[in-house]
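Accompanying notes for the structure given below.
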């Protein structure tokens, strides 16, 4: 497995709802031929807050909410993050440290994770990374993440910074 890790920093936002992650992916085209899968992995992703869409673009620093999702524009894929929303329960109810209660008479029930516990999300980007590796001599150098608020009314859906909160983003490849 070859990979690259990056920490998300909101301070790097050039525009509302846009995050840039600089990546240097040192792999020549001959080595790329042996790769069978590539994943963009978001670790310790927070679901506390609003639901949003996350659009991923490769080697396109100008990507924004209005950018067409095409291969020509470097579109790599999308994730939808279903947010937990504002807590309406008693104090501590929405804390991921609180336990999920499972009835004692359900022996086959798996241990459930709290709905607000940080999670891992994986976006398979093999075709998009393949296009980048074949098109650019320097390979992948920028991953642009665009977050769009998923409000109930379409007219209220807009790019918004601060929605994506995760500890690490990594690109993992497998041969």
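In UniProt numbering, the protein residues as written are 1 to 175. Note that CB positions come from ideal geometry on N, CA and C, so glycine has one too. Nothing here was measured: the structure is a model prediction, and the numbers come from that model.
Beta-carbon contacts of residue i that lie in its chain and below 6 Å, excluding the five residues immediately before and after
i: residue 37; result: 126, 174
i: residue 42; result: 121, 166, 169
i: residue 79; result: 54, 121, 123
i: residue 48; result: 84, 116
i: residue 128; result: 58, 76
Host beta strand (DSSP E) of residue i (start-end)
i: residue 91; result: Neither: residue 91 is in no beta strand (DSSP E) and is coded neither H nor E.
i: residue 43; result: 37-45
i: residue 53; result: 52-58
i: residue 77; result: 75-81
Residue i classed as buried or exposed, judged by whether at least 16 other C-beta atoms fall within 10 angstroms
i: residue 82; result: exposed
i: residue 139; result: buried
i: residue 33; result: exposed
i: residue 74; result: buried
i: residue 71; result: exposed
i: residue 153; result: exposed
Proximal residues to residue i (C-beta, below 7 Å), its chain only, five neighbours per side dropped
i: residue 157; result: 148, 149, 150, 151
8 Å Cβ shell around residue i - same chain, five flanking residues per side excluded
i: residue 132; result: 58, 59, 74, 139, 140
task: Any chance you could list the beta strand (DSSP E) runs of at least 3 consecutive residues sitting entirely within the segment 120-171, in chain order?
output: Taking 3 residues as the shortest admissible run, the segment 120-171 contains the following complete beta strand (DSSP E) segments, listed from N- to C-terminal end: 142-149.
- prompt: Would you call the segment 131-150 and the segment 47-59 in contact, with 3 or more CB pairs under 8 Å?
  reply: Contact check between the segment 131-150 and the segment 47-59: three or more CB pairs, one atom from each, fall below 8 Å, which counts as touching.
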